[in-house]
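Scroll down for the structure; my scribbles are underneath it.
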């Protein structure tokens, strides 16, 4: 069974609930919750799914929620994932629905994502008889720390999934446009902590001490050669030191220095090379600089790879719903733990334009203000994509 005019039906249904979705988004925005603390947000999600008559389970991966919509005919299981957590950023927008909690803000638009998937749930509940298969609505915690997807998967969230869709609001795309990148679209993310212990002493007598600050500085310089001299030039990679902590005052050589860094790669070979090189540089520092090094290197999430067999029908559905509004873009060295789902089932990650006219917003910024029209656009795009994938 197919809808005679799906474009009109989906558009009208989405338009009819957009105001309610914006109200939900603003409520969530005013009450941001950090990773694995999303109890209030999860409660809103569960209440909305219950109101829609959608069976659901809570407490998956901590605070995650999964709703299930059964189609009218047998077929594959499609997961659609939205993230729910906020960031430890103090909001500066001055909006009337701005964060009520100091130091917490939805500066990445996960409030937008949660409201969007609730809208998709509402439309698909009514369209369920037209679907061949089932839809798992995955509301995920803790994306910002790249741990929520793994936690949900450990609780069985990926079991039985045949296809998966992720999405993200994109402020560098004007609202009304959509984007994508072929193949690996987001980077693997790894992180490391390096503790360098020297021998503390008087700053006027460095020969009687072992200076961990000098050793740490040498490491920061050397680690940049991992990208410039060890990784293939056609394999993008980034190594960044984000924290350098050591010392307390002017005239004391400290005992220890602590570094924190991140490694981003799109290819497994580059990922392996970077990890081995950083470990080797830390070991070499001990001999060269007479310090003791303790390295804790953690692989967080793999690259997010878009599969053509999912991407092609989704993009066709978006064009059928909106017209020529899809832009092909480049891969990003940012990371997304939706890649944990993509590593287990063919997947596609859709970029939904959220850039407001006259603004130049960026994610993770204290002044971030996405255009809320992206909610209704996302509802239409993901609903039409579901009809295409589960035809």
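Numbering (full-length UniProt numbering), first residue to last: 1 to 391.
Backbone N, C-alpha and C define an ideal beta-carbon position, used for all residues, glycine too.
These numbers come from a predicted model, not from an experiment.
Determine the contact status of residue i and residue j, defining contact as a CB-CB distance below 8 Å.
{"i": "residue 140", "j": "residue 82", "result": "yes"}
{"i": "residue 393", "j": "residue 163", "result": "Residue 393 cannot be examined here, being either before or after the span of the chain that is shown, 1 to 391."}
{"i": "residue 349", "j": "residue 168", "result": "yes"}
{"i": "residue 409", "j": "residue 54", "result": "The structure shown does not extend to residue 409, since the chain is modelled only from 1 to 391, so the question has no answer here."}
{"i": "residue 336", "j": "residue 273", "result": "no"}
{"i": "residue 216", "j": "residue 247", "result": "no"}
{"i": "residue 354", "j": "residue 109", "result": "yes"}
{"i": "residue 370", "j": "residue 171", "result": "yes"}
{"i": "residue 213", "j": "residue 340", "result": "no"}
{"i": "residue 85", "j": "residue 118", "result": "no"}
{"i": "residue 65", "j": "residue 47", "result": "no"}
{"i": "residue 165", "j": "residue 71", "result": "no"}
{"i": "residue 78", "j": "residue 133", "result": "yes"}
{"i": "residue 138", "j": "residue 80", "result": "yes"}
{"i": "residue 375", "j": "residue 68", "result": "no"}
Going by Cα to Cα distance, which pick from the options is closest to residue i?
{"i": "residue 297", "options": "191, 200, 206", "result": "191"}
{"i": "residue 300", "options": "67, 45, 188", "result": "188"}
{"i": "residue 20", "options": "264, 379, 36", "result": "379"}
{"i": "residue 318", "options": "370, 260, 383", "result": "383"}
{"i": "residue 293", "options": "150, 256, 104, 228", "result": "256"}
{"i": "residue 121", "options": "136, 304, 110", "result": "136"}
{"i": "residue 377", "options": "175, 362, 16", "result": "175"}
{"i": "residue 173", "options": "165, 362, 389", "result": "362"}
{"i": "residue 290", "options": "357, 196, 8", "result": "196"}
{"i": "residue 8", "options": "389, 381, 390", "result": "381"}
{"i": "residue 156", "options": "24, 59, 111", "result": "59"}
{"i": "residue 344", "options": "359, 222, 333, 306", "result": "306"}
{"i": "residue 286", "options": "24, 194, 270, 373", "result": "194"}
{"i": "residue 4", "options": "76, 51, 127, 94", "result": "127"}
If you follow the beta strand (DSSP E) that residue i is in, where does it begin and where does it stop?
{"i": "residue 260", "result": "256-265"}
{"i": "residue 70", "result": "64-70"}
{"i": "residue 186", "result": "183-186"}
{"i": "residue 384", "result": "No beta strand (DSSP E) contains residue 384, which is instead part of the alpha helix (DSSP H) from 373-389."}
{"i": "residue 392", "result": "Past the boundaries of the shown model lies residue 392; the chain is included only from 1 to 391, so the question cannot be answered."}
{"i": "residue 60", "result": "56-60"}
{"i": "residue 89", "result": "Residue 89 -> no beta strand (DSSP E), and no H or E assigned at all."}
At which residues does the alpha helix (DSSP H) containing residue i begin and terminate?
{"i": "residue 321", "result": "308-322"}
{"i": "residue 11", "result": "6-30"}
{"i": "residue 289", "result": "268-289"}
{"i": "residue 328", "result": "Residue 328 -> not in any alpha helix (DSSP H); beta strand (DSSP E) instead, spanning 326-328."}
{"i": "residue 219", "result": "212-223"}
{"i": "residue 39", "result": "39-52"}
Three or more C-beta pairs under 8 Å: does that hold for the segment 235-248 against the segment 257-275?
Counting Cβ pairs under 8 Å, three or more are found: they touch.
* Touch check for the segment 324-332 and the segment 177-185: three-plus C-beta pairs under 8 Å? -> Two segments are said to touch when three or more pairs of C-beta atoms, one from each, lie closer than 8 Å; by this definition the segment 324-332 touches the segment 177-185.
Taking contact to mean 3 or more Cβ pairs, one atom from each stretch, closer than 8 Å, check whether the segment 274-283 and the segment 199-213 are in contact.
At 8 Å Cβ cutoff, the stretches do not touch.
Q.
With three or more C-beta pairs closer than 8 Å as the rule, is the segment 74-94 touching the segment 358-368?
A. In short, these stretches touch, since the Cβ pair count reaches three.
- Query: Hey, which unbroken runs of the beta strand (DSSP E) at 3 residues or more fall wholly within the segment 325-370?
  - Reply: Counting only runs of 3 or more, we get 326-328, 347-355.
What runs of the alpha helix (DSSP H), each 4 residues or longer, lie entirely inside the segment 105-163?
For the alpha helix (DSSP H) assignment, the uninterrupted runs of no fewer than 4 residues enclosed by the segment 105-163 are, from N- to C-terminal side, 110-127, 148-154.
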